[in-house]
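Residue numbers (our numbering), protein chains in the order written: chain A, 1 to 582; chain B, 1001 to 1171. Note sheet for the following structure.
Below, the structure written as structure tokens:
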């Protein structure tokens, strides 16, 4: 058999695996791979400006298309720069395959130029990682890496490839389908557990479906099944930040997001429910609030493909280890075969309607300043009925306002950094999403502080003519930090003011973008319209009320029933116990 | 504000894993990253083709944490199986120690007498010292070492615990 170089084997594998786009940055230890890519026009390489940008672009691409994101970076600083994005993908279960160059095998351990212990550094921020020391093993590892990244609970996989392995040759044959010796995610749920879950749902008087990012990861069928499960049971539905879009925000059964900045009705419904069915979510601390007061009188069913998510923070009554799509299909089939009817939940819905009357997402009106919530509401209004819209966010107040005031009716349209809370995620994620969905309207909702964390990727958007819209809610603060300082540290605003901001309009022009400034409520609607109608990348500097806070809010260490609805409830200080919580 | 500690229990976990580079770091690192305890850890390959290793970990934590440790270990790609020997039924656990003791006269005779009681073997001797080899449970070795300390303990080397379930079946 004719032998190929490791670099050629790698590129062949990527083509065999259907990879269309690689986000990367060249360097000494990946030059052989870049040379191999030069001959393979089938794979599109997107040249980023910083390796962290590549990882977030790959995440945005993956989350919006359902395909794995692929990253190619060099050794040493290339790999270490990618670590934040890799960790982000691990926390949010995003399938990534990150290919890192490494110094030649005989140089490993000698503190060679641009050497870093990539495998050691990424061991605990990947689902799995590999160092390939033999080109004959490369094809098997690459195929296995994609299998592991995309199946079970998805996540990032790093493959570290020394430079001499890229140059050395070996025979290449496309690997056969294989069964992994030890890695076998459980897809199908235990039938007895499904039976119990169905009977618990049928008997519940105050049920709630609490869904998460796992429903979106499971695929479009799971999203459809969630809608069907809600339909046949009549139960209210809430979701985590990561799960937005799996259930339509326009449905009357939708309660809004749950958790720290979730709606009043959804948090009260979680607190008062007699049955919580958790579907692909993980009882994160941002969802539960104070653990000992979380949903005290409910029985809990937890469906998750990752057994370690079950009973990690909240003890559940019925664990179901399975793919959520498969488990919901089984539940629906059993429900129907038993002729279960929608229970009479009118008393429960009456209570929910009472909580809804609080209108917890209401915000004060202003004629002088743009309320940030109003900016999101207007953005939502302007893009409704438009072509396919994908929203990404950075991390902070603007992220929560976007989650609260933008309605998502379909999955894979909301890309945000939930678990790791990575400032600098949203803008590159938007570029990645745009590359995967060239005809969609991709908008990154950003804050003035977080947009600066990967602002260098403006060059990438210019180079590839990705018409992303960067909508900055500019309040000249790290707003969420400032809000916590107001709540917890008596408004001692230590280092949360964004001094020396760039002129975002001039910055846009410097990169060949269009820059728009929106300065008052009367300019808001037209400014947003102009942003949408302008071809090519657009940066909008939307000047919003500087001291707005994100409500409702469950302060750290508080129960769902202790929500703050508006600024009048803020005391300005918290106990040491509450201060010590994240 | 003070930080509260929870009550812990001791568990012996037995893992079979792919014998590949970095597997020990992956497992040890999981314990440090998630704040779990390792009281002892042993590892050696156990199949003729050297493909599989058995790792025995003695850990301690509240029951909920032990469950979580097992779930996290099972999640690692190269881990084939995790058995909680403490929960799985009766099991045998053994540890080996080498115990160096120095002394003369009556101390020397007493050391030999105690070694006999504990069924420890002399594996090295000089006019003024012995090295004893002792196997047994962690408690037994602790006791032996404590007695030798009173006589003239010089140093100790211990392997950590290995364990298997009792009976004819594999765990």
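Virtual Cβ for every residue (Gly too), placed ideally from N, Cα, C. This structure is a prediction, so every number in the text was calculated from the model and none was measured.
Alpha-carbon to alpha-carbon, residue j and residue i
i	j	result
residue 1164 of chain B	residue 1124 of chain B	30 Å
residue 210 of chain A	residue 240 of chain A	8 Å
residue 91 of chain A	residue 343 of chain A	37 Å
residue 429 of chain A	residue 476 of chain A	23 Å
residue 1051 of chain B	residue 385 of chain A	58 Å
residue 135 of chain A	residue 474 of chain A	51 Å
residue 507 of chain A	residue 557 of chain A	41 Å
residue 645 of chain A	residue 231 of chain A	What the structure shows of chain A is the stretch from 1 to 582, and residue 645 of chain A is not part of that stretch, so it cannot be assessed.
residue 348 of chain A	residue 263 of chain A	17 Å
residue 1093 of chain B	residue 1004 of chain B	32 Å
residue 1036 of chain B	residue 1073 of chain B	12 Å
residue 537 of chain A	residue 51 of chain A	21 Å
residue 353 of chain A	residue 527 of chain A	36 Å
residue 179 of chain A	residue 173 of chain A	18 Å
residue 467 of chain A	residue 454 of chain A	17 Å
residue 185 of chain A	residue 1130 of chain B	53 Å
residue 300 of chain A	residue 226 of chain A	17 Å
residue 8 of chain A	residue 28 of chain A	17 Å
residue 1100 of chain B	residue 1138 of chain B	17 Å
residue 183 of chain A	residue 567 of chain A	50 Å
residue 1013 of chain B	residue 21 of chain A	43 Å
residue 188 of chain A	residue 379 of chain A	41 Å
residue 147 of chain A	residue 1148 of chain B	55 Å
residue 36 of chain A	residue 234 of chain A	56 Å
residue 190 of chain A	residue 275 of chain A	20 Å
Span of the alpha helix (DSSP H), counted from its first residue to its last, around residue i
i	result
residue 196 of chain A	191-203
residue 434 of chain A	426-436
residue 87 of chain A	77-91
residue 102 of chain A	Note, residue 102 of chain A: premise wrong, no alpha helix (DSSP H); beta strand (DSSP E) at 96-102.
residue 170 of chain A	That residue, residue 170 of chain A, is in no alpha helix (DSSP H); its beta strand (DSSP E) goes 169-171.
residue 389 of chain A	Careful: residue 389 of chain A lies outside any alpha helix (DSSP H), inside the beta strand (DSSP E) at 389-393.
Cβ-based neighbour list, residue i, same chain, cut-off 6 Å, excluding 5 preceding and 5 following
i	result
residue 405 of chain A	373, 376, 377
residue 480 of chain A	396, 397
residue 142 of chain A	13
residue 389 of chain A	383, 441
residue 266 of chain A	238, 255, 256, 258
residue 131 of chain A	119, 160
residue 423 of chain A	394, 395, 450, 453
residue 345 of chain A	234
Residue i in three-state terms, based on DSSP
i	result
residue 555 of chain A	coil
residue 345 of chain A	coil
residue 478 of chain A	coil
residue 1091 of chain B	strand
residue 1143 of chain B	helix
residue 542 of chain A	strand
residue 268 of chain A	helix
residue 187 of chain A	coil
residue 416 of chain A	coil
residue 336 of chain A	helix
residue 523 of chain A	helix
residue 1121 of chain B	strand
residue 164 of chain A	helix
residue 56 of chain A	helix
residue 1104 of chain B	coil
residue 1155 of chain B	strand
Residues of its chain near residue i, where Cβ-Cβ distance is below 7 Å and the 5 sequence neighbours each way are ignored
i	result
residue 419 of chain A	91, 92
residue 62 of chain A	68, 69, 94, 95, 96
residue 600 of chain A	There is simply no residue 600 of chain A to check, as chain A begins at 1 and stops at 582 in what is shown.
residue 193 of chain A	318, 320
residue 483 of chain A	397, 549, 550
residue 80 of chain A	116, 121
Start and end residues, beta strand (DSSP E) containing residue i
i	result
residue 1132 of chain B	1129-1136
residue 141 of chain A	Premise fails: residue 141 of chain A lies in the alpha helix (DSSP H), 135-150, not in any beta strand (DSSP E).
residue 111 of chain A	Here residue 111 of chain A belongs to no beta strand (DSSP E), and DSSP marks it neither H nor E.
residue 1055 of chain B	1052-1061
residue 23 of chain A	21-24
residue 627 of chain A	Absent from the model: residue 627 of chain A. The displayed extent of chain A is 1 to 582, so no value can be given.
Cut-off 8 Å between Cβ atoms - residues of its own chain near residue i, not counting five sequence neighbours on either side
i	result
residue 574 of chain A	487, 488, 555, 556, 557
Let me know the beta strand (DSSP E) ranges lying completely inside the stretch 279-312 of chain A, each 3 residues or longer, listed in chain order. 299-304
Kindly provide the ranges of any beta strand (DSSP E) runs that are 3 or more residues long and lie completely inside the stretch 433-509 of chain A, ordered along the chain. 441-447, 469-474
Could you tell me which whole beta strand (DSSP E) segments of length 3 or greater appear in the stretch 1019-1046 of chain B? 1040-1045
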